[in-house]
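**Q** Residue numbers (my numbering), protein chains in the order written: chain V, 1289 to 1536; chain S, 824 to 1065. By construction, the Cβ of each residue, glycine as well, lies at the ideal position given by its N, Cα and C atoms. Just so we're clear, the structure is a prediction, and the values are computed from it rather than from any experiment.
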């Protein structure tokens, strides 16, 4: 479980997060949604330690991230898996080396064990047999899958995905969403996904946090979201002309 | 001033929290190939021609019945050892290696690869930059030795082929009044310049914000700042060590 409490962050005069609090439960796919520039990515970066919040707390199963010492922080980091928007694969390494990278850096496992684990992760994301290819030789959807394989290779307790289906065709996007949800349930991990994709919201949004201009305006499940009366959320949900015509 | 302060904080971060020594060794060897071995060709070409031109131009300016022609070789040798091999080679390397480092790290920054390292709990600056700095400090002196040799050889070839100096005079000249300390001075320079090029270029690329345009700007800035730093350090070293 991840708890964020009253997270505030400003860049100069501009307040990007104005006191956001929420709880992300284990075994659920938790979505943070909102329009561009509402602070979704900044919120995720404060959660994973890339941007320190001006105030507020981030707790991983009760362990305070920012106030704890370096050792606790390091331990929490090793329990995280992160899928970045573009995959963030290392260009100079093959797919296999990319997935093996956290094991090489953070463990003392023998090479055959590491290779077995990498093969299992690549198989889990449906990419067996692609280990020798370079990131430049694979498609955007495959890069996301490799990113997911790298994120789960260390058996994380917390999985973060930054717009996992941006730039993908609708069919591949649905497959990536389904894969993330399956992995969340299979590994019983806490998953937080940043997205503004409505398909993701309706398909996998077990818990959804809606951000608007740095504030949390709504929180609930995908079954409740269309019944929300928050005008900003309704405007976001029914931005599409077709959806507006179907608006309840 | 804040940029200079940030640069020194960046230098401190290279040594703050290290990874396994085997990781550094592998990265060091990769960088030795990338920064050093891959620069051999350009250094060889530039050095040979600079040596050749030095010989011809020195001979052109040294027309005097009281100065022996072997002095041309002596001047070529001392110019190569004291200045041309270490400084010009490192300025060439700042263009090739500096822009390469800045654009590599800049691209890694904008494509979130550095963020990925940070999230894993890896000291990204130490993991990415320290092997580059050590590789530059290790390989640049070797390139400068090669440069000095090829420069003097270029002078020999140009001088003897064009007939401005005989083989005997050239060989006599490069052995005449040789000061072994100059070799030490020649090797200190690339050691210092390698550090400056690698750290300044890494600093430019590491903190980049934006996109492809900023990567290009950082590369240019890396080369400009490295060249300026080399010239200032060259002056300070000459003042201190000679």
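For residue 1304 of chain V, which residues in the same chain have their Cβ closer than 7 Å to its Cβ, ignoring the five residues on either side in sequence?
**A** Indexing the first chain from 1 puts residue 1304 of chain V at position 16. So the qualifying residues of the chain are 1297, 1298, 1327, 1330, 1502.
**Q** Taking 8 Å as the CB-CB limit, is residue 942 of chain S close to chain V?
**A** Here the question's residue 942 of chain S lines up with position 119 in the second chain. True, the Cβ-Cβ gap to chain V drops below 8 Å.
**Q** Expressed to the nearest angstrom, what Euclidean distance is found between the alpha-carbon atoms of residue 1353 of chain V and residue 1364 of chain V?
**A** As a first step, residue 1353 of chain V is located in the first chain; it is residue number 65 there, counting from the start. As a first step, residue 1364 of chain V is located in the first chain; it is residue number 76 there, counting from the start. Between residue 1353 of chain V and residue 1364 of chain V, the C-alpha separation is close to 8 Å.
**Q** If you measure beta-carbon to beta-carbon, which residues of the region 845-868 of chain S are closer than 7 Å to chain V?
**A** Taking 7 Å as the Cβ-Cβ cut-off against chain V, the residues of the region 845-868 of chain S that qualify are 846.
**Q** Is it right to say residue 1340 of chain V is buried, meaning 16 or more other beta carbons lie within 10 angstroms of its own, or is it exposed?
**A** By one-based count along the first chain, residue 1340 of chain V stands at place 52. It is exposed - the Cβ of residue 1340 of chain V has fewer than 16 other Cβ atoms within 10 Å.
**Q** Are there 16 or more other CB atoms within 10 angstroms of the CB of residue 904 of chain S, so buried, or fewer, so exposed?
**A** Residue 904 of chain S sits at position 81 when you count from the first residue of the second chain. Sixteen is the threshold: when 16 or more other Cβ atoms of the shown chains lie within 10 Å of the Cβ of residue 904 of chain S, as they do, the residue is buried.
**Q** Just to confirm before moving on: does the CB-CB distance between residue 1038 of chain S and residue 926 of chain S stay below 8 Å?
**A** Here residue 1038 of chain S refers to the residue found at position 215 of the second chain. Here residue 926 of chain S refers to the residue found at position 103 of the second chain. Yes; because the gap between Cβ atoms is below 8 Å, this pair is in contact.
**Q** Check whether the Cβ atoms of residue 908 of chain S and residue 980 of chain S sit closer than 8 Å, and answer yes or no.
**A** Counting from one through the second chain, the residue named residue 908 of chain S turns up at place 85. Counting from one through the second chain, the residue named residue 980 of chain S turns up at place 157. No. Outside cutoff.
**Q** Which of the three DSSP states, helix, strand or coil, is assigned to residue 1309 of chain V?
**A** Position 21 of the first chain holds residue 1309 of chain V. Residue 1309 of chain V falls in the strand class under three-state DSSP.
**Q** For the beta strand (DSSP E) that contains residue 838 of chain S, what are its first and last residues?
**A** Position 15 of the second chain, counted from the start, is the residue given in the question as residue 838 of chain S. Per DSSP, residue 838 of chain S belongs to no beta strand (DSSP E) and is neither H nor E.
**Q** Does any residue of chain V bring its CB to less than 8 Å from the CB of residue 936 of chain S?
**A** Looking up residue 936 of chain S in the second chain gives position 113. True, the Cβ-Cβ gap to chain V drops below 8 Å.
**Q** Nearest to residue 916 of chain S by CA position, among S:949, S:865, S:929, is which residue?
**A** If you number the second chain from 1, residue 916 of chain S lands on position 93. Taking only the C-alpha atoms, the option nearest residue 916 of chain S is S:865.
**Q** Below 8 Å between beta carbons: does that hold for residue 996 of chain S and residue 928 of chain S?
**A** Within the second chain, numbered from 1, the residue matching residue 996 of chain S stands at position 173. Within the second chain, numbered from 1, the residue matching residue 928 of chain S stands at position 105. Contact flag unset, no.
**Q** Does the contact criterion of 3 or more C-beta pairs under 8 Å hold for the region 836-856 of chain S versus the region 936-955 of chain S?
**A** yes
**Q** Buried or exposed for residue 1055 of chain S, going by 16 or more other Cβ atoms inside 10 Å?
**A** Position 232 of the second chain holds residue 1055 of chain S. A residue is called buried when at least 16 other Cβ atoms come within 10 angstroms of its Cβ; residue 1055 of chain S does not meet this threshold and is exposed.
**Q** Quick one: does residue 1410 of chain V have its CB under 8 Å from some CB of chain S?
**A** Stepping through the first chain from its first residue, residue 1410 of chain V is reached at position 122. For residue 1410 of chain V, the answer is no, since every Cβ of chain S falls outside 8 Å of its Cβ.
**Q** Taking residue 1332 of chain V as the reference, give the member of V:1517, V:1449, V:1293, V:1410 with the closest Cα.
**A** Taking the first chain and counting its residues from 1, one reaches residue 1332 of chain V at position 44. That would be V:1449, whose Cα lies nearest to the Cα of residue 1332 of chain V.
**Q** Nearest by alpha-carbon distance to residue 1289 of chain V: which of V:1523, V:1480, V:1467 is it?
**A** Within the first chain, residue 1289 of chain V is the residue found at index 1, counting from 1. Among V:1523, V:1480, V:1467, the Cα nearest to that of residue 1289 of chain V belongs to V:1480.
**Q** So residue 1556 of chain V and residue 1439 of chain V are supposed to be a Cβ contact under 8 Å. How far apart are they, rounded?
**A** Summary: the structure shown does not reach residue 1556 of chain V, with chain V confined to residues 1289 through 1536, and so no result is reported for it.
**Q** Roughly how far, in whole angstroms, is the beta-carbon of residue 1053 of chain S from the beta-carbon of residue 913 of chain S, given that I think they are within contact range, below 8 Å?
**A** Working through the second chain from its first residue, we reach residue 1053 of chain S at position 230. Working through the second chain from its first residue, we reach residue 913 of chain S at position 90. Residue 1053 of chain S to residue 913 of chain S, Cβ: 6 Å. Contact.
**Q** Name the chain S residues that come within less than 9 Å of residue 1393 of chain V, Cβ to Cβ?
**A** Stepping through the first chain from its first residue, residue 1393 of chain V is reached at position 105. In chain order: 842, 843, 846, 940, 943, 944, 945, 950.
**Q** Have a look at V:1511, V:1359, V:1405, V:1433 and flag the residue whose alpha-carbon is nearest the alpha-carbon of residue 1463 of chain V.
**A** Looking up residue 1463 of chain V in the first chain gives position 175. Considering only alpha carbons, the answer is V:1433.
**Q** Please identify, using Cβ separations under 9 Å, the residues of the region 1471-1504 of chain V that lie next to chain S, in order along the chain.
**A** Closer than 9 Å at the C-beta level to chain S, one finds no residue of the region 1471-1504 of chain V.
**Q** Give me the chain S residues within the contact set of residue 1320 of chain V, using Cβ-Cβ distance strictly less than 9 Å, ordered along the chain.
**A** As a working mapping, residue 1320 of chain V is identified with position 32 in the first chain. Simply none; closest approach about 17 Å.
**Q** Whether or not the region 1372-1385 of chain V and the region 1450-1461 of chain V are in contact is what I'm after, with contact meaning three or more pairs of Cβ atoms, one per stretch, closer than 8 Å; do they touch?
**A** yes
**Q** Please specify which runs of the alpha helix (DSSP H), each continuous and at least 4 residues long, are wholly inside the region 1425-1481 of chain V, giving them in chain order.
**A** 1428-1440, 1458-1475
**Q** Between which two residues does the beta strand (DSSP E) holding residue 1295 of chain V run?
**A** In the first chain, the residue the question calls residue 1295 of chain V occupies position 7. Element bounds for residue 1295 of chain V: 1290-1299.
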